[in-house]
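Below is one structure, written out as structure tokens; comments come after it.
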Amino acid sequence: VANTKTNILIQGESGTGKELVAKAIHYNSTFREEPFIVINCSAITDTLLESELFGHVKGAFTDAVFETKGKFEIAGKGTLFLDEIGDISPNLQSKLLRVIETRDFMKVGGEKIMKTEARIIAATNQDLKFLIEKGKLREDLYYRLKVVEITLPPLRERKEDIPDLVAYLFEKINRELGKNVRKIPPGVMKLLVNLPWRGNVRELENALTRAIILAKGDVILEENLPLETGEKRIFPEELISIKEVEKKYIQHVLKETK
Ligand SMILES: Nc1ncnc2c1ncn2[C@@H]1O[C@H](COP(=O)(O)OP(=O)(O)OP(=O)(O)O)[C@@H](O)[C@H]1O
Ligand SMILES: [Mg+2]
Numbered sequence: 001v002a003n004t005k006t007n008i009l010i011q012g013e014s015g016t017g018k019e020l021v022a023k024a025i026h027y028n029s030t031f032r033e034e035p036f037i038v039i040n041c042s043a044i045t046d047t048l049l050e051s052e053l054f055g056h057v058k059g060a061f062t063d064a065v066f067e068t069k070g071k072f073e074i075a076g077k078g079t080l081f082l083d084e085i086g087d088i089s090p091n092l093q094s095k096l097l098r099v100i101e102t103r104d105f106m107k108v109g110g111e112k113i114m115k116t117e118a119r120i121i122a123a124t125n126q127d128l129k130f131l132i133e134k135g136k137l138r139e140d141l142y143y144r145l146k147v148v149e150i151t152l153p154p155l156r157e158r159k160e161d162i163p164d165l166v167a168y169l170f171e172k173i174n175r176e177l178g179k180n181v182r183k184i185p186p187g188v189m190k191l192l193v194n195l196p197w198r199g200n201v202r203e204l205e206n207a208l209t210r211a212i213i214l215a216k217g218d219v220i221l222e223e224n225l226p227l228e229t230g231e232k233r234i235f236p237e238e239l240i241s242i243k244e245v246e247k248k249y250i251q252h253v254l255k256e257t258k
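Position one of the sequence shown corresponds to residue 1 (the UniProt record's numbering), numbered consecutively onward.
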């Protein structure tokens, strides 16, 4: 995937790593020196989003004092990451479809036709098929976006990955916090593997950060994990070190998206 400029659609619940995967694809592509531009399609109004995407000319609307560059222009030959694509309006859906099909666009209020060579990676945590059924998303746009489709499963459906992920996140968090909490009792690891993690990797990362901050010495404690009260259990003595479970989780994800 990383070296061809096909559009990519990444689907997955919140916190499953959609943006991380998009970046991994970009920085492993031949266009890695080009910009990686993120735009969240749900954070701003329709008019503002249009001008963010395409830019506007001076005088296009009341506040348009200067001509601006849109993200399509700024992205150049790089990647434009359209986050929360399920939230774009019908008006912008048509405009986006047009850029994808023809590769050209115009600034808001402009008359000059501009060209884009950017790769589009769109992401969503919504069920796009359902949005299509409800008439909220154009089917033709959906098919244009999902030339390559990547679905990131929720963490609770890939429990077997959790130990590697925990190892990776431990290294990262320790480094960032200047801590040296390296031991995870097997009971704690078991718990980490079996918690539901509705916020996925982001929630796991937050929980580990908290546990590492609260840890006394170099061992992470069950009592510092986000547990329902009354869920306390036996605490085994034997410890396994991070090294034993260490593998590079990112590499694994990368391999799957290549
Ligand atoms: N496989 C992974 N390995 C290491 N860290 C990960 C992994 N997946 C996600 N993360 C981390 O989890 C956090 C959430 O990831 P990201 O922002 O990419 O999720 P998202 O799917 O875009 O979520 P949202 O829909 O809420 O925006 C980030 O801090 C990211 O670094
Ligand atoms: Mg995101």
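For every residue, glycine included, the Cβ atom is placed at its ideal position computed from N, Cα and C.
Check                                                                                                                                                         : Outcome
Just to check, is the beta-carbon of LEU20 closer than 8 Å to a non-hydrogen atom of ligand 1?                                                                : yes
Using DSSP with H/G/I as helix, E/B as strand and the rest coil, what is ASP63?                                                                               : coil
Taking a contact to mean a Cβ-Cβ separation below 9 Å, would you say PHE31 touches LYS77 in this structure?                                                   : yes
Report the rounded CA-to-CA distance for ILE234 versus ASN7, giving the unit in angstroms.                                                                    : Bear in mind that a pLDDT of 37 at ILE234, under 50, signals an unreliable position, so the model cannot answer this.
CB of ALA123 to nearest heavy atom of ligand 2: below 8 Å?                                                                                                    : yes
Locate the alpha helix (DSSP H) running through LEU137, then write down its first and last residues.                                                          : Here LEU137 belongs to no alpha helix (DSSP H), and DSSP marks it neither H nor E.
According to DSSP, GLU149 sits in a beta bridge with which residue or residues?                                                                               : LEU9
With ASN40 and GLU84 assumed to form a contact (beta carbons below 8 Å), what rounded beta-carbon distance in angstroms separates them?                       : 6 Å
What first and last residue would you give for the beta strand (DSSP E) that runs through PHE36?                                                              : 36-40
Compare the C-alpha of LEU49 against each of THR102, ALA24, LYS107 and GLY15 and name the closest.                                                            : LYS107
Distance check for THR209 and ILE173, CA to CA, integer angstroms please.                                                                                     : 6 Å
Taking the beta carbon of PRO163 as the centre, do at least 16 other beta carbons fall within 10 Å, making it buried, or is it exposed?                       : buried
In chain order, what residues of the same chain lie with their CB nearer than 8 Å to the CB of ARG144, ignoring the 5 residues before and after it?           : ASN7, LEU97, ILE100 and GLU101
Closest to GLY178 by C-alpha separation, out of GLU19, ILE44, LEU80 and ILE212, would be which residue?                                                       : ILE212
So what's VAL188 in DSSP terms, helix, strand or just coil?                                                                                                   : helix
LEU53 and LEU9: beta carbons closer than 9 Å?                                                                                                                 : no
Flag this pair as yes or no: are the beta carbons of SER14 and ARG182 separated by less than 9 Å?                                                             : no
Taking the straight line between their C-alpha atoms, what separation do you get for PHE66 and ILE25?                                                         : 34 Å
Near ALA75, which residues of its chain fall below 6 Å by C-beta distance, leaving aside the five closest residues on each side in sequence?                  : PRO35, ILE37 and ALA118
What do you get for ASN194, buried or exposed, if any count of 16 or more other CB atoms within 10 angstroms of its CB means buried?                          : exposed
Could you pull the start and end residues of the beta strand (DSSP E) that LEU225 belongs to?                                                                 : Where LEU225 is concerned, there is no enclosing beta strand (DSSP E), given that its DSSP letter is neither H nor E.
At which residues does the beta strand (DSSP E) containing LEU82 begin and terminate?                                                                         : 79-83
How big is the Cα-Cα spacing for GLY12 and PRO226?                                                                                                            : 23 Å
Closest to GLY217 by CA distance: which of ASP161, ASN180, ARG198 and GLY199 is it?                                                                           : ASN180
Return the Cβ separation of LEU165 and LEU204 in integer angstroms, given the expectation that the two are a contact with Cβ distance under 8 Å.              : 7 Å
Using a Cβ-Cβ cut-off of 6 Å (strictly less than) and excluding sequence neighbours within five positions of PRO153, which residues of its own chain qualify? : none
How long is the line joining the alpha carbons of THR16 and PHE81, rounded to whole angstroms?                                                                : 16 Å
What's the C-alpha gap between GLY70 and LYS115?                                                                                                              : 12 Å
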